[in-house]
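K.L.:
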Amino acid sequence: MGNEHPLQDLITEAGEGRLTVSFGDSSSNRVRVDAEEFVAIERECEAFKTLIAELQRVAIDISEREVWGLGEAINELVSARTLVSRFREKGKGSTNSVHAILDEHYKIVDDLQILHRAIAQKYMQTDAEFSAQYSELMAAAPQPGMPGAGSTPEQRV
């Protein structure tokens, strides 16, 4: 459907240390970098990707459902067969299906996660205190496959 990595330019800039953010010239507009927030973003991205994968499985179930009970087995009820066909296609089967749209959302969340990881890596290279706190918090965070963690690519449909 769309670009494989919607935020690729930002990810590249962050990885190369060229990504900048400006909130104005005033010292009151300074950004405070907090390792806890980076870890929270990581955790929330994983949770959101897990939810998206679960919703994609529901969309697949809809597309593969055999009996709908709308009279689709009765030849005279053409509209029932048409309706069931549209439900299945909307679940998964077209570029505008629920599954395809959720896949685009998954890619965006994944890119946001990759972007934040790249930014965190740059901070870790330049700030020992941030690096120590980030590493400690990430080590304590749930790992993929553990309760509270997100889906792994193999779990995604």
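Start counting at 1 in the sequence shown, then tack on 790, and there's your number in our numbering. Backbone N, C-alpha and C fix where the C-beta goes; we use that ideal spot for every residue, glycine too.
#1: Since H895 and I842 should fall inside the 8 Å C-beta cutoff, what is the C-beta to C-beta distance between them, to a whole number of angstroms?
#2: Under a Cβ-count criterion, where at least 16 other Cβ atoms within 10 Å of its own Cβ denotes burial, should G859 be classed as buried or exposed?
#3: Please classify T840: does DSSP put it in a helix, a strand, or coil?
#4: From what residue to what residue does the alpha helix (DSSP H) around V874 run?
#5: Could you name the residues of the same chain whose beta carbon sits closer than 6 Å to that of P937, not counting the 5 residues immediately before and after it, in chain order?
#6: Assuming contact is defined by CB atoms lying nearer than 8 Å, are L927 and E856 in contact in what I supplied?
#7: Pull up the distance between the alpha-carbon of E944 and that of S887, whole angstroms please.
#8: Closer than 8 Å by C-beta to E871: which residues in its own chain qualify, once you throw out the five before and the five after it? Chain order, please.
#9: Cutting at 7 Å between CB atoms, please list the residues of its own chain near E803, excluding the five before and the five after it.
P.N.:
Here's the rundown:
#1: As a first step, residue 895 is located in the sequence shown; it is residue number 105 there, counting from the start. As a first step, residue 842 is located in the sequence shown; it is residue number 52 there, counting from the start. That belief holds up - the Cβ atoms of H895 and I842 are roughly 6 Å apart, short of 8 Å.
#2: Within the sequence shown, residue 859 is the residue found at index 69, counting from 1. Answer is exposed; the Cβ neighbour count stays below 16.
#3: To locate residue 840, count along the sequence shown from 1; it is residue 50. In the structure shown, T840 sits in a helix (DSSP, three-state: H, G or I).
#4: Reading the sequence shown from its first residue, position 84 is the one you call residue 874. V868 to G881 is the extent of the alpha helix (DSSP H) around V874.
#5: Against the sequence shown, residue 937 aligns to sequence position 147. Low per-residue confidence applies at P937: pLDDT is 49, beneath 50, and the placement is therefore not dependable, though the value from the model is reported in the following sentence. Within the same chain, P937 has no close Cβ partners at all.
#6: In the sequence shown, residue 927 corresponds to position 137, counting from 1. In the sequence shown, residue 856 corresponds to position 66, counting from 1. No, Cβ-Cβ distance for L927 and E856 is not below 8 Å.
#7: To locate residue 944, count along the sequence shown from 1; it is residue 154. To locate residue 887, count along the sequence shown from 1; it is residue 97. Annotation note: pLDDT 47 at E944 (below 50); position unreliable, coordinate value reported separately. Approximately 22 Å between the Cα atoms of the pair.
#8: The residue given as residue 871 occupies position 81 in the sequence shown. For clarity, residue 871 is Arg in the given sequence; the question names Glu instead. Excluding positions up to five away in sequence, the list reads E862.
#9: The residue you call residue 803 lines up with position 13 of the sequence shown. So the qualifying residues of the chain are L809.
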